[in-house]
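Undergrad:
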Amino acid sequence: MKWLALLLLFANLAVFFFFRADHNHEAVVDLPRPVGAARLILIDELNFTERDSLRLDDPGPQPEAVVPAMQDSFDLMRQPQVTDQVMVTPEAHEPLVEEPDPALEGICDIFRADEPELSRLSERLKAAGLNPDLVEEVVETPGPVMVYILPFDSAREAALELNVLRRENIESFIIADGELQNGISVGVFSAGQNAMARAAQIQALGYQTGEYQYSVEQSQYALYLPSRELVTLAEDYWHELQTDFPSMTREQNSCF
128 MKWLALLLLF ANLAVFFFFR ADHNHEAVVD LPRPVGAARL ILIDELNFTE
178 RDSLRLDDPG PQPEAVVPAM QDSFDLMRQP QVTDQVMVTP EAHEPLVEEP
228 DPALEGICDI FRADEPELSR LSERLKAAGL NPDLVEEVVE TPGPVMVYIL
278 PFDSAREAAL ELNVLRRENI ESFIIADGEL QNGISVGVFS AGQNAMARAA
328 QIQALGYQTG EYQYSVEQSQ YALYLPSREL VTLAEDYWHE LQTDFPSMTR
378 EQNSCF
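Numbering (the numbering used here), first residue to last: 128 to 383.
#1: CB alanine 240 to CB leucine 248, shorter than 7 Å?
#2: Can you tell me whether DSSP reads threonine 268 as helix, strand or coil?
#3: Which of the three DSSP states is assigned to glutamine 347 in this structure?
#4: Taking its Cβ as the centre, do 16 or more other Cβ atoms sit within 10 Å of aspartate 236, making it buried, or is it exposed?
#5: If we require 4 or more residues per run, which alpha helix (DSSP H) segments fall completely within the segment 326-372?
#6: In three-state DSSP terms, what is serine 246?
#7: Would you kindly work out how many angstroms separate the C-alpha atoms of alanine 141 and leucine 135, rounded to a whole number?
#8: Got a sec, what are the start and stop residues for the beta strand (DSSP E) glutamate 378 sits in?
#9: Considering only DSSP beta bridges, list what serine 312 is partnered with.
#10: Specify, as a first and last residue, the run of the alpha helix (DSSP H) that asparagine 258 falls within.
#11: Which word fits proline 278, buried or exposed, when buried means at least 16 other C-beta atoms lie within 10 angstroms of its C-beta?
#12: Compute the Euclidean distance between the alpha carbons of valine 265 and tyrosine 341, then round it to the nearest angstrom.
#13: Going by the beta-carbon positions, is the gap between tyrosine 348 and glutamate 263 smaller than 7 Å?
#14: What's the gap between the Cα of glutamine 345 and the Cα of methionine 375?
#15: Here's the rule I'm using: 16 or more other beta-carbon atoms within 10 Å means buried, otherwise exposed. How should aspartate 371 be labelled?
#16: Express the C-alpha separation of glutamate 298 and serine 246 in angstroms, rounding to a whole number.
#17: Counting pairs of beta carbons, one from the segment 304-314 and one from the segment 273-289, are three or more of them closer than 8 Å?
#18: Check whether the Cβ atoms of proline 259 and leucine 352 sit closer than 7 Å, and answer yes or no.
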């Protein structure tokens, strides 16, 4: 049985391949043959002359293709050419600043006024962009006047004359030191006319007199401004200040 089954299998395979080959042969035969230039010719069917005629002529070494220079697109990264630069001078966009006068170095404008006006003057200057310094100054002002008798040669002689003056009810005392030592003071007066009247009275008694004016130290305030900061202000501005502050005085001196 086993052999019979194998025999039938091989018989079926043989029949299958027989009919498949016959069918392929009929398909090839039934195809139309190409005519003229459309006919396919194998290269192996050509002889040597025919093959040689089909060769392409060797054009020889070709020159290398010239690669055009590529232009980069990084124009923003490249430095501009000299011809493309626009020469910009500082004068084109910056105002000229006047150099301060070296002679004004260490010099201040000093403003003085009555106390009620001085504080308002300070605020006015600050409103103009300035920064004045309020400075306390100690100044000497004329004080009272002393009428005196010229110095004697000795303290004993001065004492004798002092007794004479007191008998005339003239208040007096001997000056003990200084340039007027051994002189006699006959009164100190705040008013000039009173001093002149006493001098005339003493001279009528036969004495030579003189006058000595005391000085009194007083504190006063002033506004100090560096003169270099004031050169930008117009002269009309100062005229306006003088009109608004009649007691104002202005002078230049060394800064404190």
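Backbone N, C-alpha and C define an ideal beta-carbon position, used for all residues, glycine too.
TA: The relevant details are as follows:
#1: Taking the first residue of the sequence shown as position 1, residue 240 is located at position 113. Taking the first residue of the sequence shown as position 1, residue 248 is located at position 121. Yes, these two residues count as a Cβ contact at 7 Å.
#2: Numbered from its first residue, the sequence shown carries residue 268 at position 141. Three-state DSSP puts threonine 268 in a strand.
#3: Here residue 347 refers to the residue found at position 220 of the sequence shown. Three-state DSSP puts glutamine 347 in a strand.
#4: Locating residue 236 in the sequence shown gives position 109, counting from the first residue. Classification of aspartate 236: buried, given that the 10 Å Cβ count is 16 or more.
#5: 362-371
#6: Here the question's residue 246 lines up with position 119 in the sequence shown. Reduced to three states, the DSSP call for serine 246 is helix.
#7: The count along the sequence shown starts at 1 and reaches residue 141 at position 14. The count along the sequence shown starts at 1 and reaches residue 135 at position 8. Cα to Cα, the separation comes out at about 10 Å.
#8: As a first step, residue 378 must be located in the sequence shown, where it is residue number 251. Per DSSP, glutamate 378 belongs to the beta strand (DSSP E) from 376-381.
#9: As a working mapping, residue 312 is identified with position 185 in the sequence shown. Answer is Tyr275 and Phe300, bridged to serine 312.
#10: The residue given as residue 258 occupies position 131 in the sequence shown. Where asparagine 258 is concerned, there is no enclosing alpha helix (DSSP H), given that its DSSP letter is neither H nor E.
#11: Locating residue 278 in the sequence shown gives position 151, counting from the first residue. Label assigned to proline 278: buried.
#12: Here residue 265 is taken as the residue at index 138 of the sequence shown, counted from 1. Here residue 341 is taken as the residue at index 214 of the sequence shown, counted from 1. Cα-Cα distance, rounded: 16 Å.
#13: Counting from 1 along the sequence shown, the entry for residue 348 is found at position 221. Counting from 1 along the sequence shown, the entry for residue 263 is found at position 136. It is a contact, given that the beta carbons lie within the stated cut-off.
#14: Translated into positions along the sequence shown, residue 345 becomes position 218. Translated into positions along the sequence shown, residue 375 becomes position 248. Near 19 Å, if we compare the C-alpha coordinates of methionine 375 and glutamine 345.
#15: Numbered from 1 along the sequence shown, position 244 holds the residue referred to as residue 371. Aspartate 371 comes out exposed.
#16: Walking along the sequence shown from the start, residue 246 turns up at place 119. Walking along the sequence shown from the start, residue 298 turns up at place 171. Looking at the two C-alpha atoms, the distance is approximately 46 Å.
#17: yes
#18: Start at 1 with the first residue of the sequence shown, and residue 259 comes out as number 132. Start at 1 with the first residue of the sequence shown, and residue 352 comes out as number 225. Yes.
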